[in-house]
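Heads up: the structure comes next, in structure tokens.
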Amino acid sequence: MGPPNGQRSSSATGKGRADTGGLNEASFRLMVDGVVDYAILMLDLDGNVATWNAGAQQIKGYLSDEIIGRHYSVFCTDEDIAAGRPEDALRIAESAGRFEDDAWRVRKNGTQFWANVVITPMRDKQGRLVGYGKVTRDLGERGAAVLMLDVDGRVATWNAGAARFKGYRSEEIIGQDFSVFYPPEDIAAGKPRHELTLAANDGHFEDAGWRVRKDGTQFWANVVITALRDRQGQLFGYRSSTADLTERRATELRLQASQALVTGVLAAATEFSIIGTDLEGVITVFNSGAERMLGYSASEMIGLNTPALILDADEVAARGAELQLASAFDILVHEARRGRADTREWTYVCKTGTRIRVSLVVTAMRDEDEALVGYIAIARDVTQSAMAEAERAALARVARAVAAAEDVDDVLSLVTREVGEMHHFEAAAIVRFDDGLDGTVVGAWSRSGRLAPGQKLSLDDDSASALVRTTGSVAGFRRYCADSPEILRSFGRESHLIEFEAAAPIVIGGRTWGALTIAASIDRTLSWAPEEGLVRFAAFVSFAITNAEQRRALQRGRDELRSIIDELPASVWVCDPAGDLLLANQTFNEMALDSLLAEHALDGATLSPSRIEETLVDVSGRERTLVVARSPLRDHTGEIYAICGVATDITERRAIERAKDEFVSVVSHELRTPLSAIRGALALLADERDLDSASQRRMIEIALSSSERLSNLINDILDLQRIESGLELCDLQSCDAAALVSDAAEAMESLGSEHGVSIETEAMPFGVRADPRLVAQVLVNLIGNAIKFSPVGGRVTVGAKRVGDEVRFFVRDEGQGIPADKLELVFERFLQLDSSDSRIASGTGLGLAICRQIADRHEGRIWAESEGGHGSCFLFALPLLSDDTDPANPSATATSVVVCGDPMARNEIRRLLESSGLMILEAATLADAVTVEEPTLLAILVDLESIDRESKALATGIARPTGAVPLIVMSTAKRPETLDSADEWVAKPATSDGLLAALGTVNPLADTGVLIVEDDDSLASVLVERLAREGFAAMHARSGSEAIAMATWSHPSVLVLDVALPAGDGYEVVEVLRTRNVAPRATVIYAAAELAREAQARLRLGPTEFFTKSRTAPEQFNDHLIGLLDGLRSRAVAAAPVTLGSER
Amino acid sequence: MNTHPAMQRQQQQEPVMPAQILVVDDDANLREIVVLKLQLAGFETHAVNDGEAGLSAAQVRAPDLIVLDWMMPKMTGLEVSRALREDTRTSEIPIIMLTAKAQVDDLRRGFDAGATDYMVKPFNPSELVARVSAALTRAV
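Sequences listed follow chains P and X, in order. Residues in the first sequence are numbered consecutively from 1, following this note's numbering. Residues in the second sequence are numbered consecutively from 1145, following this note's numbering.
Following this line, the structure appears as structure tokens:
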């Protein structure tokens, strides 16, 4: 096909024109590249391809890099090449400025197509030819019908192509108007004429439209009508080229439909994020679903090559490590690139930072030649299910921890961690609502690590927790700019951009106890509302706290029960049916009652509760009587799983009962005796009518005296009972000892004179705290006794003197005295020394027992002294009424004596007082002795026979020459009846014991200190030191003899006594001290071994306690001792009854 | 069987020789009443005020019957009774315990110790005389 002759045209198809002036190169290139309907290429001067566009690629099938540089003749048919047409075309284009032709062209795959080709020369600004622009249009594979029309539009020429196209033979159509090719509606519209007119006007007309074949069928045609003019420009006809593009038209329509479908799908798939990329990852498609899901707009994203922007960096890195790839894009398309379907879960990061879990399908896009052209990534939001799954897993872990009853703090911290990490929150906390508006963080987790349990919060802000507090229901809200409340600040945000916060109430016992709260820096509610989950976790928190509280309450209950049963005096235990101990209280262990368990083997006796009395021997070898109650414990099936036992020690009760029985028996005997006499006498009087008058009188006398005795007896028994039981109140008041003495003496005056006994008093006025009525009763009783036992003409002396810090009342008689072994017994009830003595028989046998009771009630002491055959003296000691009396003032320890006499006498005394613990000072004369200034001075001892005359005169004078210091005189002379200047008189040759006793009598500080008798020096020094620290004076004796000596002169208030000692053991010490009337206010035995009852009885000296070194550590013992001393000290003022504890 | 001479006399020709009763009691009043009652009933009496004296008097005087208190100094009535029963010279002398000990158990102990009869104080003096007479009769 040759080029049309003389083609000159201002045709609108000159879009390949190289006139690019005004347009920049890039824009032009972009425009050309975007054209796909035309192959637009540039040829160099030799006709080689220089540029290539997408249309060229599409039409001709070559990729740009395989065609650029090759001669454009590869597009021409072999015949055209052989005819030199490619070169001709260039030449014509250069000379004519344009070459246009319709001809067959060849694609890369060898197929031919009918093409319309326009070649235009391209020149630079200087007009030099630089190359050619070539525009090729694909007119289909069927070629074209080319014919000529005359000026009027009649067909002038016809060829084979036209015949094939349109079905007319040449003779049929020549001369026919060309409008026969048009459909009737076009003809009616005048389209054929109009087109010719346009072609005539413009030189060229191109149209695509339906045309009609001879057989009436229509085809889609591309029609180009060119006006033909002669040299004068006179129109002489038209050239019409018609290409059948029906097939292409169909294809195009299909394509259009499919493109519309794709576009529609992309737009409609709002629930899916669809992102398409080219081979390099540049985003080409970003659908509305992607916009919605990720928050970016398509215009922002298209053209970008940044898949990393929307992916979680950690996930990408992890997958990259798996695949050994670094580029995010490569990682993402790895599978798709290999033609494999790839569906996996990823986390998309939205523009706002929100993380979304997606199921992502990445597919490769290929063209019809299976060439890879790009990728498409379709993502579905699976956050809901991922979150739900994460929440389920976290809940399960929390549930396990709660069920395992782990420490509640651990559970709370676990909950916050799980809740916080589960949804990538910044922080999670459990806040307890306190009083007012306060809250306390009790469980916390935060990314910053800044939130910690124990933190105090103020909930008066607009935080979610505060909202929960007010409303009691779950709360959640976003805040984009707020003054962060304390809790949010502590979440570790420097700025105040806490955007989301939610809290769920923790309800315990129907009350909103607190809140489980979370804070996130981003809005997570986009795809997930965490409030629902929070409510579930809050339920577990409330469960865990309630559980913990119940466990604590249970434990408290157990502890309480435990301490209660431990404190019980009864032994309590629980053992299994086999007799193995499950639980035992302290008393059980102390009493070592394991022998009772053996009987627990399940037998008939244990099936029902039992209560029996058992006797067994305890650890210390004493026989104990126990009431043992056993009862079976049954489980819900009624089976016995344990036996509970309670054993009460009734040994003491039994002893008391026995003593009471004995007393009742004795009392009954004592009452029956006078009653018998009364009844006997009266019966005799009644029965014997012939009784002489003397006998009658005698019987009446007997009845009378017996009834008097009976009534006295009853009175005394009642008295004793009243005082003993505390019914008789001891009304302590300040009284004058001297007045009490003279009143009592006066009251007994007449009885005395009846018996021919005189009563004398020697009393100094001292204040005492006492019940005057009871003291009078004691004195009257004692005086009565003294009168009874005095010989006619005898003398009874009643008095009161001060010894140390007490007042001692005394009643001395000149009777036959009391044997030493009976001195203590006389205070027992109904003790009759010798009933042949009518004086004894006349008493009730209760008087002294009553006196002792009264003394006890006064915290006083009563005892008897007697020098066999030389009368006896009853002493009754009461604490001196004195404000400054401190029974335990260490500075008041009197530990030294001044010895006054010639050197030999002084040496002798020193020897006698050896090992007494006393410091001995010496003076030659009494005058010298008086000047000794020694605060601890106890007494001055004067050897009367070895001092100078002047001293002797002083020592035997009327007044005490030693001031406040007591004076003891030692002399060969008989003790004068009254001691004036001296406080004590010791007969020579003096004995060690005599001297110590005298010192004890005069010791102004008797009954104040503590004497510790202990051969273990280190233990003793610990005790002494501790006591000194507490303000108690303590002395230490290392041996039995030392203890006796020291106790004799010091009269300790409390005696602490070890049993095993060198030079006389504890028993000996107690025995000797008893005979010397050294009666401490308390004695504490601290023995190495447990003592039998008999041994304990032998060691009793005043109120006595027993401790065992193996069971009571020195510290405990010390504590107890101090407690005891404190008690005694306070009682010295309060006069409360002495009660002693016992060893536990 | 060697019948007590005193009793034989009493039975055969009464009152030939009154029976001799030893009274042992530490309570002077009671002693006096018992003695007076027994004398009025025609018995000869000897009274002592404690257990020891009672035992020796019984051994020395060999009385026809002993009225014995229980609770006394030096020697109790029980001890005296046992001693008397162990001594062939006195083992057959009837003993009437006259005591304030009134429990059944006391009674048993009294009889165990050798008492012939037992009377609880306070007592009726006439009953005592009746019991004394009965005991003397039985002893024959």
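Each residue gets a CB set at the ideal place from its N, CA and C atoms; glycine is no exception.
| said: Quick check: is the beta carbon of serine 705 (chain P) nearer than 9 Å to any beta carbon in chain X? | reply: yes
| query | How many Å lie between valine 628 (chain P) and valine 1084 (chain P) at the Cα? | reply | 32 Å
| query | alpha helix (DSSP H) containing isoleucine 187 (chain P): first to last residue? | reply | 184–188
| task | Would you check if the distance between the CB atom of glycine 847 (chain P) and the CB atom of aspartate 716 (chain P) is smaller than 9 Å? | result | yes
| request: Would you please verify whether the beta carbon of serine 668 (chain P) is less than 9 Å from any beta carbon of chain X? | output: yes
| chain P residues whose Cβ lies nearer than 9 Å to that of phenylalanine 1267 (chain X) | Ser676, Arg679, Gly680 and Ala683
| message | Beta-carbon within less than 7 Å of leucine 926 (chain P)'s beta-carbon, same chain only, minus the 5 sequence neighbours each way: which residues are those? | response | Cys900, Val942, Ile947, Ser951, Leu954, Ala955 and Pro961
| Which residues mark the beginning and the end of the beta strand (DSSP E) in which valine 362 (chain P) is found? | 355–366
| message | Between which two residues does the alpha helix (DSSP H) holding histidine 194 (chain P) run? | response | 191–202
| request: May I ask you to report which of helix, strand or coil DSSP gives cysteine 575 (chain P)? | output: strand
| Any C-beta of chain P sitting closer than 9 Å to the C-beta of leucine 1222 (chain X)? | no
| task | Answer with buried or exposed for aspartate 78 (chain P), where buried requires no fewer than 16 other C-beta atoms within 10 angstroms of its C-beta. | result | exposed
| Comparing alpha-carbon positions, which option in P:Asp743, P:Gly756 and P:Val768 lies nearest serine 734 (chain P)? | P:Val768
| So what's valine 1138 (chain P) in DSSP terms, helix, strand or just coil? | Residue confidence is low: valine 1138 (chain P) scores 40 on pLDDT, short of 50, so the model does not pin down where it sits. No coordinate-derived value is stated.
| the segment 1157–1190 of chain X: which residues have C-beta closer than 8 Å to a C-beta of chain P, in chain order? | Asp1170, Asp1171, Ala1172, Asn1173, Leu1174, Glu1176, Ile1177, Val1178, Leu1180, Lys1181 and Leu1184
| message | DSSP three-state label for phenylalanine 236 (chain P), please. | response | strand
| query | Within the 9 Å Cβ cut-off, does methionine 1219 (chain X) reach chain P? | reply | no
| Nearest-angstrom beta carbon gap, threonine 844 (chain P) and glutamate 684 (chain P) [assumed within contact, 8 Å] | Note on identity: in this sequence residue 684 (chain P) is leucine, with glutamate being the wrong assignment. At roughly 25 Å, the Cβ-Cβ gap does not stay under 8 Å, so leucine 684 (chain P) and threonine 844 (chain P) are not in contact.
| task | Can you pull the chain P residues whose beta carbon is under 9 Å from the beta carbon of methionine 1241 (chain X), in chain order? | result | Chain P residues near methionine 1241 (chain X): none, gap ~13 Å exceeds 9 Å.
| message | Can you look up alanine 1150 (chain X) in the DSSP assignment and give me helix, strand or coil? | response | Note on alanine 1150 (chain X): pLDDT 47, under 50, position unreliable in the model; the coordinate value appears next. Helix.
| Residue of P:Lys166, P:Glu977 and P:Glu1030 minimising C-alpha distance to glycine 216 (chain P) | P:Lys166
| Can you tell me the Cα-Cα spacing of arginine 1093 (chain P) and glutamate 657 (chain P), whole angstroms? | 18 Å
| query | Taking Cβ to Cβ, would you say serine 288 (chain P) is nearer than 9 Å to valine 146 (chain P)? | reply | no
| said: By the DSSP assignment, the alpha helix (DSSP H) with arginine 1229 (chain X) in it spans what residues? | reply: 1221–1230
| task | Evaluate glycine 175 (chain P) with the Cβ neighbour count: other Cβ atoms within 10 Å of its Cβ, from every protein chain shown; 16 or more gives buried, anything less gives exposed. | result | exposed
| task | Taking isoleucine 173 (chain P) as the reference, give the member of P:Ala160, P:Ala208 and P:Ala973 with the closest Cα. | result | P:Ala160
| Should the segment 741–761 of chain P be called in touch with the segment 797–814 of chain P, which here means at least 3 C-beta pairs below 8 Å? | yes
| request: Answer yes or no: do proline 1114 (chain P) and leucine 996 (chain P) have a C-beta to C-beta separation smaller than 9 Å? | output: no
| task | Figure out for me which residue from P:Leu1019, P:Leu1057 and P:Gly153 has the closest Cα to the Cα of aspartate 177 (chain P). | result | P:Gly153
| query | Can you tell which of P:Phe874, P:Leu626 and P:Asp1119 has the C-alpha that lies nearest to the C-alpha of isoleucine 1171 (chain P)? | reply | Residue 1171 (chain P) lies beyond the stretch modelled for chain P, which goes from 1 to 1144, so this question has no answer here.
| query | Mind checking if alanine 1246 (chain X) is an interface residue toward chain P, Cβ cutoff 9 Å exclusive? | reply | yes
| said: To test your reading of the DSSP string, which unbroken beta strand (DSSP E) runs of 3 or more residues are found completely within the segment 401–473 of chain P? | reply: 427–433, 438–446 and 456–458
| query | Would you say the segment 350–370 of chain P touches the segment 236–253 of chain P, given that touching needs at least three Cβ pairs under 8 Å? | reply | no
| said: Is there a C-beta anywhere in chain X that falls below 9 Å from the one on aspartate 1215 (chain P)? | reply: Because chain P spans 1 through 1144 in this model, residue 1215 (chain P) falls outside it and cannot be assessed.
| query | Secondary structure at methionine 1151 (chain P), three-state DSSP: helix, strand or coil? | reply | Examination of residue 1151 (chain P) is not possible in this model, given that chain P is present from 1 through 1144 alone.
| Whose Cβ in chain X lies nearer than 9 Å to the Cβ of threonine 844 (chain P)? | Neighbours of threonine 844 (chain P) on chain X: none; closest Cβ ~14 Å, over 9 Å.
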